[in-house]
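Remarks on the structure that follows.
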RNA sequence: GGGGGCGUAGCUCAGCCGGUAGAGCAGCGGCCUUUUAAGCCGUAGGUCGCAGGUUCGAUCCCUGCCGCCCUCACCA
């Protein structure tokens, strides 16, 4: 606020206040969306209309000025002529680029045919004390774009479009499940025991109950309680939180879709996923099923490829037995993976991820995962070492995870106890006895699904980074003292009385 | 956490071999009634991310730190 440009604008604002004008009026003529005027503009010649929005760069010709006015629906040139704006003209410079204005005038064109609103009434709606970024390049600096998304959004129209697409995707997902008679529900984000995924949680505390709480890793265990309760078909689209690293495909908070359907197994859910993608291709992509992602093309039109987890593992690791620790350990060392203190099943899966995931161009369903890495999935009847579970991969990126839900409370309790016995910071320190109790009341066979909505948006929009589909990605806080040197750093603690 | 890159005016970017900074846009003053990246004349604007070091002299070389981007690790 101390730079000269802001002060120029501040002076204009103060001059307006001195003249009795409100630079931030509560209400101005709102008019109509610009986008409504454009399609049949030629027929509207001579019409008097009002539009409101943000002013672009002013092109000044002395007794004539032009500027574009933009709202969420479009952009239209406004012409300010001295002869039509006798009262406004002397103070015309008080309204400048980036100000928010409401303008009434007559529709027409310029000599070169540019659709133009010839202003007869100009009302300042809100004074901008800071200028817009450069008109031609917009805001380019990545960091500034994320830290000041509000500027990024108005300066770079394609950013607004990207988030409009995200909205459309989420709406399409909702529509798909709604049409299948699923109920959209909301379950606790603050959870006393974390579960539903293997990850480190964020920890918080409730004062009145003096209780440690975790921000949820997943809604899974609550949604399945609803299946016990007879809701039979439920889904939730909501934020989950994982205290992990940040990368182009990870944000500490992200949006997850989870759905559960009674009387379905993982084969039915596979069909649901294919149905969902078919719906997204139609509704979001307009039938154009091929998307470009990380410089490669993917056809999202179902049906998708399928491959068994253990088959893929065997292909990439000939002679290695997933279930034999010594065998996996040797392979992991060969691959240069971390092996110290890693549980055998985790290590085996690390070998899978290191050797197989990058080969999964997809879309492909990887199915029948080992039970040891699938603590909530039901075992295959023919082979108790594996579960009825699949994941969906595109471009080596895991998009979704689904399985026939484990509804045997005795098996479930045993697996929870195994987790507790081998507790690390990604597993809870206690059995979720209430969840086991819920299963004891009887849960119908059910199929469940989780899809990372952010990654889905990345794929459908061709975004390389998750930050381009998250409006406000988590960034390190800028510490005003950080750059001031050690001497200027804030004291570690206030002096004790 | 490891590796690589970047940080210069409000914004977009130059800046050579080390000689303490430039352009365009935005701003300010002026000319112009049909421009649309308007044009022309003038003017102002800088802790070169921060702190040290080397040097007669550092935006430039070195070290540390801060932040962002990419990548690997971890994860979805």
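Numbering (this note's numbering), first residue to last: 100 to 596.
Glycine included, each C-beta is placed from N, C-alpha and C at the ideal position.
These figures come from a predicted structure and were not determined experimentally.
Classify residue i as buried or exposed, calling it buried when 16 or more other Cβ atoms lie within 10 Å of its own Cβ.
i	result
residue 344	exposed
residue 414	exposed
residue 309	exposed
residue 529	exposed
residue 117	exposed
residue 122	buried
residue 268	buried
residue 360	buried
residue 431	buried
residue 563	exposed
residue 552	buried
residue 320	buried
residue 554	buried
residue 576	exposed
residue 229	exposed
residue 519	exposed
residue 425	exposed
residue 521	exposed
residue 110	exposed
Taking DSSP as the reference, what is the three-state secondary structure of residue i?
i	result
residue 151	strand
residue 367	helix
residue 355	strand
residue 589	Caution applies to residue 589, whose pLDDT of 32 falls short of 50 and renders its modelled position unreliable; the value that the coordinates give is listed next. Of the three classes helix, strand and coil, the one that applies to residue 589 here is coil, per DSSP.
residue 384	coil
residue 54	The shown model of the chain, from 100 to 596, leaves out residue 54, and the question about it has no answer.
residue 217	strand
residue 170	strand
residue 573	coil
residue 176	strand
residue 109	helix
residue 343	coil
residue 185	coil
residue 114	helix
residue 373	helix
residue 165	strand
residue 140	helix
residue 489	strand
residue 228	coil
residue 554	helix
residue 568	coil
residue 119	coil
residue 191	helix
residue 206	strand
residue 284	coil
residue 475	coil
residue 238	coil
residue 250	helix
Taking Cβ positions, are residue i and residue j nearer each other than 8 angstroms?
i	j	result
residue 489	residue 465	yes
residue 354	residue 416	no
residue 211	residue 156	no
residue 499	residue 491	yes
residue 199	residue 152	yes
residue 370	residue 339	no
residue 525	residue 315	no
residue 546	residue 364	yes
residue 565	residue 304	no
residue 390	residue 561	yes
residue 142	residue 163	no
residue 214	residue 175	yes
residue 494	residue 395	yes
residue 223	residue 392	no
residue 326	residue 543	yes
For the alpha helix (DSSP H) that contains residue i, what are its first and last residues?
i	result
residue 160	Note, residue 160: premise wrong, no alpha helix (DSSP H); not H, not E.
residue 564	From DSSP, residue 564 is part of no alpha helix (DSSP H); its letter is neither H nor E.
residue 244	241–246
residue 509	508–520
residue 535	532–539
residue 597	Because the chain here runs from 100 to 596, residue 597 falls outside it and cannot be looked at.
For the beta strand (DSSP E) that residue i lies in, which residues bound it at each end?
i	result
residue 498	496–503
residue 302	302–305
residue 652	Absent from the structure is residue 652, since the part of the chain shown begins at 100 and ends at 596.
residue 547	545–551
Query - Segments assigned beta strand (DSSP E), at least 3 residues, entirely inside the segment 306–333 - result: 310–314
Query raised in the report: Which parts of the segment 387–472 are runs of the alpha helix (DSSP H), unbroken and 4 residues or longer, counting only runs that do not cross its ends?
Result: 408–415, 424–434 and 443–454
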